[in-house]
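Q:
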Amino acid sequence: MCQRKVPARYFIVLGCCSCLTMSYIMRCSLSLRTTDVRKHQESICPRKAGEKHTMDRAVFKMTPRQRGLMHGAFYWGYFVTCMIGGVLSDIFNKKFFMLGGIFGTCIVTCFTPVLSRTFEWLGLIVCRLTMGLTEGIFYASLIAIAAAWIPPKERSSLGSILFAASPFGVAISHLLEILMRDIKLDWENEFYIYSGIGFLVVIVIYSTLKFYPKHLTEDGGKFYDDYHAPMEKEKHYRNVPLKAILHNIHVWAVVCASFGHDWNFFMITSFEPTYLHSVLPSDYFRSELIMFIALLCMWSGAIISGFICDNVQKRKLISLTWNRKITYFTGSTISAACSIAIVYLKCNEVWLITFAVISSIAKGFFYSSVKINPLDLNPTYAATISSVAQMGVCSAGVLVPYAYSSVIKTGSMEEWRILQLMTSVIVFLGGVTYFTFATAEEQTLGVIHHDLQHGRAMAIA
């Protein structure tokens, strides 16, 4: 009896998903240990009788300015290498750059305790900067692999499963933080454990995942011949059309949407714990649990919306362009509205969690629309297009800590409202820009078009 084998692309997506999850766990390990925990303000949300408020969990004592420099250093490093990584991944071995990038992140994570003890906060900035350099290469190569192995009919679902590993990794890091605090594990061991697991993931992916025809099953080889091989053959005839990509308005629509979403995402992952500790009467475990639930909802929203988008395309209900536009505009609008509601609910913890869950689910729509849009625009050069979009991500990553330190002076509810209103406006404007200028039609980018069957190349005017 013939047994149908699982297509190779599913294993490749699963392997890449594992790498991305570990990447975010290691990225967040330092952020969770430098949380700016302010004194709880009883005048805003008084604690219940007998309720304890354990607020000091930060191992690294840093001023707001030092924390801003530390968080921003990661994105300066990311900015330097993401474009280089995108171009190189579109031309050379994607697997090499992906595993090399995550391997570098593991090394930095492993040496973080040593550098922090030796050079204190300056050592942490060096760690974040170096990690940004490795992550820029890693993420760009991940996009290239996704473009090469995820076919158009499964782009929303498989793409969401892959890229939603970002919030999933952050969620797992919060859960692990609870467990490690509960067993009173020394903070240095956390970094060693995370880096050790990361090294193991790299070894497993390198040893098991096969990206080339001679290693694939019959079904996998057919998929390679039909979809992946023509893309690889096309690259032999031209260089990466970077100038055309930078002049394409649809690419900049992705940049603006990415800036808005990641501004919100970085605000949540970096400073939401501070809000929960200083404003709400939440102890450490409860605030971490709220963060875990919210991020898990974002992950769930991404995957569910991805399958819905693919189903809509399968039924041909609307065009792919309208699919992408409606999905993200709906998500960004709901997310912005719920985020505003959260800071006006004051001390109603039940409603706060409810709106946080709704907002997080809506944020997940980003991964089934904007995040995979570079694959629509040109799968052959998706890594380079996505690297340009990552410029918006880097800008948000650098600016968010400064916005926080500029607005939050005393930690009052009024200051948090201003910061959240600013965030909601940025998210909404990103959604409007994407809705106005985005497309899912493949772009020729004004470069060389190829007759792949006969190996001829001709210029497009």
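For what it's worth, our numbering labels the leading residue of the sequence shown as 5, then goes sequentially. Even glycine gets a Cβ: it sits at the ideal position worked out from N, Cα and C.
1) Please classify cysteine 6 as buried or exposed, where buried requires at least 16 neighbouring CB atoms within 10 angstroms.
2) Give the DSSP-derived three-state secondary structure of serine 373 in the structure shown.
3) Pairing CB atoms from the segment 418 to 435 with CB atoms from the segment 266 to 275, are three or more of them under 8 angstroms?
4) Is asparagine 315 near the ligand GDP, judged by its Cβ being under 6 angstroms from some heavy atom?
5) Please classify lysine 413 as buried or exposed, where buried requires at least 16 neighbouring CB atoms within 10 angstroms.
6) Round the Cβ separation of serine 372 and threonine 331 to the nearest angstrom and send it over; I've been treating them as touching at under 8 angstroms.
7) Considering only their Cβ atoms, is the gap separating serine 309 from glycine 424 smaller than 7 angstroms?
8) Does tyrosine 14 come out as helix, strand or coil in the three-state DSSP assignment?
9) Just to check my reading of the structure: valine 259 and glycine 396 have Cβ atoms closer than 8 angstroms, yes? What is that Cβ distance to the nearest angstrom?
10) Since alanine 144 and serine 93 are thought to touch, with beta carbons under 8 angstroms apart, how far apart are those beta carbons, to the nearest angstrom?
11) Kindly indicate which residue of Ile365, Glu158, Ala387, Trp420 has the alpha-carbon position closest to the one of leucine 324.
12) Do leucine 133 and methionine 74 have their CB atoms nearer than 7 angstroms?
13) Could you pull out every residue in the same chain whose Cβ sits closer than 6 angstroms to the Cβ of leucine 24, ignoring the five residues on either side in sequence?
14) Using alpha carbons as the reference points, say which of Gly435, Ala400, Ala345 lies closest to glycine 335.
15) Measuring alpha carbon to alpha carbon, tell me which of Val402, Gln447, Trp191 ends up nearest arginine 121.
16) Please classify arginine 474 as buried or exposed, where buried requires at least 16 neighbouring CB atoms within 10 angstroms.
17) Express the C-alpha separation of tyrosine 438 and valine 244 in angstroms, rounding to a whole number.
18) Would you list, in sequence order, the uninterrupted alpha helix (DSSP H) runs of no fewer than 4 residues that lie entirely inside the segment 63 to 149?
19) Exposed or buried, arginine 69, counting other C-beta atoms within 10 Å across all chains shown (16 or more means buried)?
20) Around the C-beta of asparagine 193, are 16 or more other C-beta atoms found within 10 angstroms, so that it is buried, or is it exposed?
21) Count the CB pairs spanning the segment 100 to 115 and the segment 170 to 185 that are closer than 8 angstroms, and state whether there are at least three.
22) Between Ser27, Phe369, Gly76, which lies nearest to serine 274 when the distance is taken from Cα to Cα?
23) Report the three-state DSSP secondary structure of proline 378 (helix, strand or coil).
24) Span of the alpha helix (DSSP H) holding serine 177?
25) With a Cβ-Cβ cutoff of 7 angstroms, do methionine 184 and threonine 113 count as a contact?
26) Report yes if the C-beta distance between glutamate 446 and asparagine 377 is below 7 angstroms; otherwise report no.
27) By alpha-carbon positions, which one of Ile149, Ala150, Val374 ends up nearest to proline 441?
28) Comparing alpha-carbon positions, which option in Met135, Tyr210, Glu124 lies nearest isoleucine 16?
29) Taking C-beta to C-beta, are alanine 151 and alanine 306 nearer than 7 angstroms?
30) In terms of residues, what are the limits of the alpha helix (DSSP H) holding alanine 248?
31) Between alanine 467 and the rest of its own chain, which residues show a CB-CB distance below 6 angstroms, the 5 nearest in sequence each way excluded?
32) Between cysteine 313 and serine 160, is the Cβ-Cβ spacing less than 7 angstroms?
33) Is the separation between the beta-carbon of glutamate 419 and that of valine 411 shorter than 7 angstroms?
A: Reading from the atomic positions:
1) Residue mapping note: residue 6 aligns to position 2 of the sequence shown, counting from 1. Low per-residue confidence applies at cysteine 6: pLDDT is 44, beneath 50, and the placement is therefore not dependable enough to give any value.
2) Locating residue 373 in the sequence shown gives position 369, counting from the first residue. Residue state, collapsed to three classes: coil.
3) yes
4) Although the ligand GDP was asked about, the structure shown includes no ligands whatsoever.
5) By one-based count along the sequence shown, residue 413 stands at place 409. Lysine 413 should be labelled exposed.
6) As a first step, residue 372 is located in the sequence shown; it is residue number 368 there, counting from the start. As a first step, residue 331 is located in the sequence shown; it is residue number 327 there, counting from the start. Going by Cβ atoms, the distance from serine 372 to threonine 331 rounds to 6 angstroms, so yes, they are a contact pair.
7) Within the sequence shown, numbered from 1, the residue matching residue 424 stands at position 420. Within the sequence shown, numbered from 1, the residue matching residue 309 stands at position 305. Reading off the sequence shown, one finds glutamine at residue 424, where the question assumed glycine. No, Cβ-Cβ distance for glutamine 424 and serine 309 is not below 7 angstroms.
8) One-based indexing of the sequence shown puts residue 14 at position 10. Looking at tyrosine 14 - three-state DSSP - the assignment turns out to be helix.
9) To locate residue 259, count along the sequence shown from 1; it is residue 255. To locate residue 396, count along the sequence shown from 1; it is residue 392. Going by Cβ atoms, the distance from valine 259 to glycine 396 rounds to 4 angstroms, so yes, they are a contact pair.
10) Reading the sequence shown from its first residue, position 140 is the one you call residue 144. Reading the sequence shown from its first residue, position 89 is the one you call residue 93. About 5 angstroms separates the two Cβ atoms, so the contact holds.
11) As a first step, residue 324 is located in the sequence shown; it is residue number 320 there, counting from the start. Closest by alpha carbon: Glu158.
12) Locating residue 133 in the sequence shown gives position 129, counting from the first residue. Locating residue 74 in the sequence shown gives position 70, counting from the first residue. Not in contact: leucine 133 and methionine 74 (Cβ atoms no closer than 7 angstroms).
13) Translated into the one-based positions of the sequence shown, residue 24 becomes position 20. Ala169.
14) The residue you call residue 335 lines up with position 331 of the sequence shown. Comparing Cα-Cα distances from glycine 335 to each of Gly435, Ala400, Ala345, the minimum goes to Gly435.
15) Along the sequence shown, one-based indexing puts residue 121 at 117. Of Val402, Gln447, Trp191, the residue nearest in Cα terms is Trp191.
16) Outside the displayed range of the chain (5 to 465) lies residue 474, so it cannot be described from this structure.
17) Counting from one through the sequence shown, the residue named residue 244 turns up at place 240. Counting from one through the sequence shown, the residue named residue 438 turns up at place 434. Taking the straight line from one Cα to the other gives about 25 angstroms.
18) 68 to 95
19) Here residue 69 is taken as the residue at index 65 of the sequence shown, counted from 1. Arginine 69 is exposed by the Cβ-count criterion.
20) Indexing the sequence shown from 1 puts residue 193 at position 189. Counting Cβ neighbours within 10 Å, asparagine 193 comes out exposed, since fewer than 16 surround it.
21) no
22) Stepping through the sequence shown from its first residue, residue 274 is reached at position 270. For serine 274, the nearest C-alpha among the options comes from Gly76.
23) Taking the first residue of the sequence shown as position 1, residue 378 is located at position 374. Residue state, collapsed to three classes: helix.
24) Mapped onto the sequence shown, residue 177 falls at position 173. Residues 169 to 186.
25) For the purposes of this step, residue 184 is identified with residue 180 of the sequence shown, where counting begins at 1. For the purposes of this step, residue 113 is identified with residue 109 of the sequence shown, where counting begins at 1. Cβ atoms of methionine 184 and threonine 113: not closer than 7 angstroms.
26) If you number the sequence shown from 1, residue 446 lands on position 442. If you number the sequence shown from 1, residue 377 lands on position 373. No.
27) Here residue 441 corresponds to residue number 437 of the sequence shown, with the count starting at 1. Rather than proline, the amino acid found at residue 441 in this sequence is phenylalanine. When only C-alpha atoms are compared, the closest one is Val374.
28) As a first step, residue 16 must be located in the sequence shown, where it is residue number 12. Considering only alpha carbons, the answer is Tyr210.
29) Numbered from its first residue, the sequence shown carries residue 151 at position 147. Numbered from its first residue, the sequence shown carries residue 306 at position 302. Going by C-beta atoms, alanine 151 is not nearer than 7 angstroms to alanine 306.
30) In the sequence shown, counting from the first residue as 1, residue 248 sits at position 244. Per DSSP, alanine 248 belongs to the alpha helix (DSSP H) from 246 to 250.
31) Only positions 5 to 465 of the chain appear in this structure, which leaves residue 467 out of reach.
32) Here the question's residue 313 lines up with position 309 in the sequence shown. Here the question's residue 160 lines up with position 156 in the sequence shown. Contact flag set, yes.
33) Position 415 of the sequence shown, counting from 1, holds the residue named residue 419. Position 407 of the sequence shown, counting from 1, holds the residue named residue 411. The answer is yes: Cβ separation under 7 angstroms.
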